[in-house]
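J.: For what it's worth, numbering that gives the first Met the number 0 labels the leading residue of the sequence shown as 0, then goes sequentially. Every residue gets a Cβ at the ideal spot worked out from N, C-alpha and C, and that includes glycine.
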Amino acid sequence: MTAKKYDVLALGELLIDFTENAISEQGNPLFEANPGGAPCNVLAMLNKLGKKTAFMGKVGQDQFGIMMKNLLNEIGISTEGLYIDEDVRTTLAFVHTAPDGDRDFAFYRNPGADMMLTASEVKEEMIKESKIFHFGTLSMTHEGVREATKRALQIAKDNGLLISLDPNLRPPLWKSLEEAKEQMLFAMGQCDIVKISDDEVLFLSGCETVEEGAMWLRERYGNIRLMLTTLGKEGSVAYYGDLKVQAEPFLNPDTIETTGAGDTFCACVLSYVLEHGLDGLTEENLKEMLIFANGASSLITTKRGALKVMPEKQEVEAYISGR
Numbered sequence: 000m001t002a003k004k005y006d007v008l009a010l011g012e013l014l015i016d017f018t019e020n021a022i023s024e025q026g027n028p029l030f031e032a033n034p035g036g037a038p039c040n041v042l043a044m045l046n047k048l049g050k051k052t053a054f055m056g057k058v059g060q061d062q063f064g065i066m067m068k069n070l071l072n073e074i075g076i077s078t079e080g081l082y083i084d085e086d087v088r089t090t091l092a093f094v095h096t097a098p099d100g101d102r103d104f105a106f107y108r109n110p111g112a113d114m115m116l117t118a119s120e121v122k123e124e125m126i127k128e129s130k131i132f133h134f135g136t137l138s139m140t141h142e143g144v145r146e147a148t149k150r151a152l153q154i155a156k157d158n159g160l161l162i163s164l165d166p167n168l169r170p171p172l173w174k175s176l177e178e179a180k181e182q183m184l185f186a187m188g189q190c191d192i193v194k195i196s197d198d199e200v201l202f203l204s205g206c207e208t209v210e211e212g213a214m215w216l217r218e219r220y221g222n223i224r225l226m227l228t229t230l231g232k233e234g235s236v237a238y239y240g241d242l243k244v245q246a247e248p249f250l251n252p253d254t255i256e257t258t259g260a261g262d263t264f265c266a267c268v269l270s271y272v273l274e275h276g277l278d279g280l281t282e283e284n285l286k287e288m289l290i291f292a293n294g295a296s297s298l299i300t301t302k303r304g305a306l307k308v309m310p311e312k313q314e315v316e317a318y319i320s321g322r
């Protein structure tokens with residue numbers, strides 16, 4: 000890919016994930032304030048892999064917003080496109096973790112600062128100076144930020160960027176599941192690369208199996224050149240041209256929670272595409288990509304939060320080689 004200021008620019012939410020960390024002496028849950036937000040989690044892992052990244056979004060003029068801006072600067076994610084809203088607070092999410100590591104979310108976002116990004120605040124030059132534009136659909140739940148997302152998408156398409164999507168369904172944030180499906184399917188029609196979970200495949204396609212759903216999405220959206228389906232404890236699958244490649248998961252007995260696993264996986268895929276391109280990928284390429292992404296996403300499940308604790312490349316390589 001040609002030289003640009005940024006390898007990946009992501010637009011979306013930057014928030015605080017309050018994750019259960021312990022139980023107090025009184026028997027109450029204790030929560031840890033972990034910086035998060037799926038698009039920024041992706042950027043954090045990309046930085047660990049040596050890529051240049053930038054974030055576009057909005058946080059509040061409060062302790063959490065300032066903390067996160069300082070953190071992004073500290074870890075090397077450009078905040079050139081990050082706005083501070085004086086009137087609306089930073090979005091918060093409380094994460095309940097089940098015994099198997101799965102999660103349930105309660106959002107404090109009515110409104111939250113991430114919803115307040117407007118189309119006029121989208122910085123065109125930042126997008127033009129990027130190779131990949133990455134987004135999710137939490138920035139499409141409300142009209143104002145939805146228009147900002149669509150404007151950024153159009154600029155990216157007009158300037159030949161690769162477009163990456165993580166649909167990232169969070170039902171509580173939508174007025175209805177019908178609206179969620181409509182906007183998520185719109186987003187599917189805009190991207191070159193999509194990382195999608197098995198549950199999201201079933202939700203969007205209405206099919207009874209993930210395989211049928213993946214085929215339905217690929218037939219409907221010919222724009223998608225590379226589709227990655229994550230299957231939780233069953234590993235992951237890459238669909239590319241006529242190829243379908245599956246890789247087994249790295250099940251870790253030290254798993255605490257799964258926050259950030261999909262974002263870590265997505266970042267590894269984007270890093271691989273940046274290094275190898277999106278043309279002429281072979282079965283061996285796809286297998287190599289999936290194994291690394293599975294290993295990295297397994298490692299992140301052994302830590303609380305995601306943005307601050309992404310694994311180093313050497314750590315992932317050692318983990319994979321010691322399988």
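Leaving out five residues on either side along the sequence, give the residues of the same chain with a beta carbon under 6 Å from the beta carbon of Ala105.
T.: Phe93
J.: Measure from the alpha carbon of His141 to the alpha carbon of each residue in Ala179, Glu282, Pro166, then state which is nearest.
T.: Ala179
J.: So within the segment 152-182, which uninterrupted beta strand (DSSP E) runs reach at least 3 residues, ignoring any that extend past its ends?
T.: 161-165
J.: Near Glu311, what residues of its chain come up, given a Cβ to Cβ distance below 8 Å and the 5 sequence neighbours on each side ignored?
T.: Lys47
J.: Taking the alpha carbon of Cys190 as the reference point, which residue from Ser297, Val58, Met226 has its own alpha carbon closest?
T.: Met226
J.: Give me the residue from Lys3, Glu12, Asp16 with the minimum Cα distance to Thr258.
T.: Asp16
J.: Taking the continuous beta strand (DSSP E) assigned at Thr254, which residues delimit it?
T.: Element bounds for Thr254: n/a, residue is neither H nor E.
J.: Taking 8 Å as the cut-off, does the segment 151-166 touch the segment 228-236 (at least 3 CB pairs, one atom from each stretch)?
T.: no
J.: Pick out whichever of Ile83, Asn72, Thr136 has its Cα sitting closest to the Cα of Asp61.
T.: The residue with the shortest Cα to Cα distance from Asp61 is Ile83.
J.: Looking at C-alpha atoms only, which residue of Glu283, Leu280, Thr89, Gly294 is the closest neighbour of Phe264?
T.: It is Gly294.
J.: Which runs of the alpha helix (DSSP H) fall wholly inside the segment 201-280 and span at least 4 residues, in chain order?
T.: Correct list: 209-219, 260-275.
J.: Please classify Thr208 as buried or exposed, where buried requires at least 16 neighbouring CB atoms within 10 angstroms.
T.: exposed
J.: Between the C-alpha atoms of Asn284 and Asp86, what's the straight-line distance to the nearest angstrom?
T.: Asn284 and Asp86 have their alpha carbons spaced roughly 48 Å apart.
J.: Quick one, which of Lys51, Phe202, Ser196, Pro110 has its alpha-carbon nearest Ser129's?
T.: Lys51
J.: Which of helix, strand or coil does DSSP assign to Ala43?
T.: helix
J.: Residues bridged to Ile131 by DSSP?
T.: Val7, Leu161
J.: Could you tell me the alpha carbon to alpha carbon distance between Thr117 and Glu210, rounded to whole angstroms?
T.: 38 Å
J.: Who are the Cβ neighbours of Leu13 in its own chain at under 6 Å, not counting the five residues just before and after it?
T.: Gly36, Cys39, Gly56, Val58, Met67
J.: When DSSP labels each residue in this structure, what does Val308 get in the three-state scheme?
T.: coil
J.: Considering only DSSP beta bridges, list what Met125 is partnered with.
T.: None, per the DSSP bridge assignment.
J.: Jot down the residue ranges of each uninterrupted beta strand (DSSP E) in the segment 28-109, minimum 3 residues, whole runs only, in chain order.
T.: 28-35, 52-59, 76-84, 91-96, 102-107
J.: Excluding the five sequence neighbours on either side, which residues of its own chain have a C-beta within less than 8 Å of the C-beta of Ile22, listed in chain order?
T.: Pro28, Leu29
J.: What is the rounded straight-line gap between the Cα of Ser204 and the Cα of Glu24?
T.: 47 Å
J.: For Lys194, name the three-state secondary structure that DSSP assigns.
T.: Here Lys194 sits in strand by DSSP.
J.: Residue range of the beta strand (DSSP E) that Leu285 falls in?
T.: In the DSSP assignment, Leu285 falls outside any beta strand (DSSP E) and lies within the alpha helix (DSSP H) extending over 282-299.
J.: Evaluate Thr281 with the Cβ neighbour count: other Cβ atoms within 10 Å of its Cβ, from every protein chain shown; 16 or more gives buried, anything less gives exposed.
T.: exposed
J.: In whole angstroms, give me the CA-to-CA distance for Glu120 and Leu273.
T.: Going from the Cα of Glu120 to the Cα of Leu273 covers about 27 Å.
J.: Please list the terminal residues of the continuous beta strand (DSSP E) segment that includes Leu13.
T.: First-last for Leu13: undefined, no H or E at that position.
J.: Quick check: what's the CA-CA separation for Arg150 versus Lys286?
T.: The C-alpha of Arg150 lies about 35 Å from the C-alpha of Lys286.
J.: Assign Ala330 to buried or exposed, taking buried as 16 or more other Cβ atoms, counted over all protein chains shown, within 10 Å of its Cβ.
T.: A query on residue 330 cannot be resolved here, the shown segment of the chain reaching from 0 to 322 and no further.
J.: Under a Cβ-count criterion, where at least 16 other Cβ atoms within 10 Å of its own Cβ denotes burial, should Ser296 be classed as buried or exposed?
T.: buried
J.: Quick check on Glu24: does DSSP put it in helix, strand or coil?
T.: coil
J.: Would you mind giving the Cβ-Cβ distance between Leu216 and Val244, rounded to the nearest angstrom? I have them listed as a contact below 8 Å.
T.: The Cβ separation is near 17 Å, so there is no contact.
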